[in-house]
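S.K.: For what it's worth, the numbering used here labels the leading residue of the sequence shown as 40, then goes sequentially. C-beta atoms are modelled at their ideal positions from N, C-alpha and C, and glycine is treated no differently.
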Amino acid sequence: MEWFSWVIAIGLGLSAVISPIFTAIINNRYQLSLKKLEMYELAKREALENFIKCASKCFNGKNNAEAYAYYDSVNNLYIYFSNVPKNINNLEHLLGNDFTNELSNIVQDLSNQIKKE
Numbered sequence: 040m041e042w043f044s045w046v047i048a049i050g051l052g053l054s055a056v057i058s059p060i061f062t063a064i065i066n067n068r069y070q071l072s073l074k075k076l077e078m079y080e081l082a083k084r085e086a087l088e089n090f091i092k093c094a095s096k097c098f099n100g101k102n103n104a105e106a107y108a109y110y111d112s113v114n115n116l117y118i119y120f121s122n123v124p125k126n127i128n129n130l131e132h133l134l135g136n137d138f139t140n141e142l143s144n145i146v147q148d149l150s151n152q153i154k155k156e
């Protein structure tokens, strides 16, 4: 019967060593997936902020550099957002209150796609 005690002692010893290792591996994978998701949502938010900034600059007066930045920011929206409103293509041709209202609607639609913390 003494050998049975040794088997149990060895089994408990191995599980005491192996269990924390598996726990750490599982926890690290979960933390990595959370961090990736957090970074993706942050990139979405930055893309939306950049679009708002570039659209506002184009509204005030458009030159080639600002137009390039605007189109670049629109293309970044297509990378990060799954449902970009169709009226975003007509935004640059609007003037005055129409531009402001349309930009507000687009930003509301896109900000609903960003997960809040």
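Thinking just about the alpha-carbon of each residue, which of H132, N144 and E80 is nearest to the one in F120?
M.R.: In the sequence shown, residue 120 corresponds to position 81, counting from 1. Selected option, being the one with the closest Cα: E80.
S.K.: Report all residues from its chain with a CB closer than 8 Å to the CB of N144; omit the five preceding and five following residues, and keep chain order.
M.R.: On the sequence shown, residue 144 is found 105 positions in, with the first residue counted as 1. The answer, listed in chain order, is P124 and N126.
S.K.: Buried or exposed, going by whether 16 or more other CB atoms sit within 10 Å of the CB of F90?
M.R.: Numbered from 1 along the sequence shown, position 51 holds the residue referred to as residue 90. F90 comes out buried.
S.K.: With a threshold of 8 Å on Cβ separation, who are the neighbours of L130 within its own chain once the five nearest residues in sequence on each side are excluded?
M.R.: For the purposes of this step, residue 130 is taken as the residue at position 91 of the sequence shown. Closer than 8 Å at the Cβ level, and outside the excluded window around L130, lie A94, F138, E141, L142 and I145.
S.K.: If you count every other CB in all the chains shown that lies within 10 Å of the CB of V56, and 16 or more means buried, which is it?
M.R.: For the purposes of this step, residue 56 is identified with residue 17 of the sequence shown, where counting begins at 1. Burial call: exposed.
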